[in-house]
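Chemist:
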Amino acid sequence: MREGAKLHYARQLRRDMTEAEHWLWARLRHRQLAGFRFRRQHPLGSYIADFACIERQLIVEVDGSQHLDSAADVRRDDWFRQHGFIVVRCWNHDVLERTDQVLARILQALEMGR
1 MREGAKLHYA RQLRRDMTEA EHWLWARLRH RQLAGFRFRR QHPLGSYIAD FACIERQLIV
61 EVDGSQHLDS AADVRRDDWF RQHGFIVVRC WNHDVLERTD QVLARILQAL EMGR
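Counting in full-length UniProt numbering, the sequence shown runs from 1 upward without gaps.
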């Protein structure tokens with residue numbers, strides 16, 4: 001995907017976030033989680049991460065059932081890891097029903113980061 005097209009697609013994804021992504025973004029934006037800055041629908045390489053904390057090289061992906069056993073997600077996670085990122089994957093249901101546990105897991109990953 002061309003760089004300009006990828007940026008356009010990232011903007012579209014920001015407008016069309018899922019309910020779980022909206023819910024999590026409301027808790028990550030404005031440095032609400034321990035002062036760390038997150039970006040949403042952030043382009044990295046040929047991928048677009050749901051949420052990224054560049055400072056700690058952390059990617060947070062919020063997944064629905066279509067991601068169950070996804071070979072594409074394995075390749076994507078491998079690419080992120082090869083480029084120094086930690087990847088945390090969360091299920092939509094957990095974000096909506098167990099928000100505190102999801103945030104604790106993200107915070108733990110941030111604290112383990114560089």
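Note that CB positions come from ideal geometry on N, CA and C, so glycine has one too.
It should be emphasised that the depicted structure is a prediction, and the values quoted were computed from it without experimental measurement.
Is the segment 71-83 touching the segment 23-41 in the sense that three or more CB pairs, one from each, lie closer than 8 angstroms?
Modeler: Touching, no.
Chemist: Residue range of the beta strand (DSSP E) that I59 falls in?
Modeler: By one-based count along the sequence shown, residue 59 stands at place 59. Residues 58-63.
Chemist: Which of the three DSSP states is assigned to F80 in this structure?
Modeler: For the purposes of this step, residue 80 is taken as the residue at position 80 of the sequence shown. Helix.
Chemist: My output table needs one value for I52: the three-state DSSP class, helix, strand or coil.
Modeler: The residue given as residue 52 occupies position 52 in the sequence shown. Ile is not the amino acid found at residue 52; the sequence shown has Ala there. A52 falls in the strand class under three-state DSSP.
Chemist: What separation, rounded to the nearest whole angstrom, lies between the Cα atoms of G4 and S46?
Modeler: Position 4 of the sequence shown, counted from the start, is the residue given in the question as residue 4. Position 46 of the sequence shown, counted from the start, is the residue given in the question as residue 46. Near 12 angstroms, if we compare the C-alpha coordinates of S46 and G4.
Chemist: In whole angstroms, what is the alpha-carbon distance linking residue 116 and A10?
Modeler: Outside the displayed range of the chain (1 to 114) lies residue 116, so it cannot be described from this structure.
Chemist: Is C90 closer than 8 angstroms to D73 when the C-beta atoms are compared?
Modeler: Counted from its first residue, the sequence shown places residue 73 at position 73. Counted from its first residue, the sequence shown places residue 90 at position 90. No; because the gap between Cβ atoms is not below 8 angstroms, this pair is not in contact.
Chemist: Tell me whether D50 is buried or exposed, calling it buried when 16 or more other Cβ atoms sit within 10 Å of its Cβ.
Modeler: In the sequence shown, residue 50 corresponds to position 50, counting from 1. Counting Cβ neighbours within 10 Å, D50 comes out buried, since at least 16 surround it.
Chemist: Report the option in A20, H8, Q108 whose CA atom is closest to the CA atom of E61.
Modeler: Taking the sequence shown and counting its residues from 1, the one referred to as residue 61 is at position 61. It is A20 whose Cα lies nearest to the Cα of E61.
Chemist: Alpha carbon to alpha carbon, how far is S70 from Q32?
Modeler: Indexing the sequence shown from 1 puts residue 70 at position 70. Indexing the sequence shown from 1 puts residue 32 at position 32. Cα-Cα distance, rounded: 31 angstroms.
Chemist: On a CA-only basis, which of R98, R75, Q108 is nearest V88? Give me that one, please.
Modeler: Residue mapping note: residue 88 aligns to position 88 of the sequence shown, counting from 1. It is Q108 whose Cα lies nearest to the Cα of V88.
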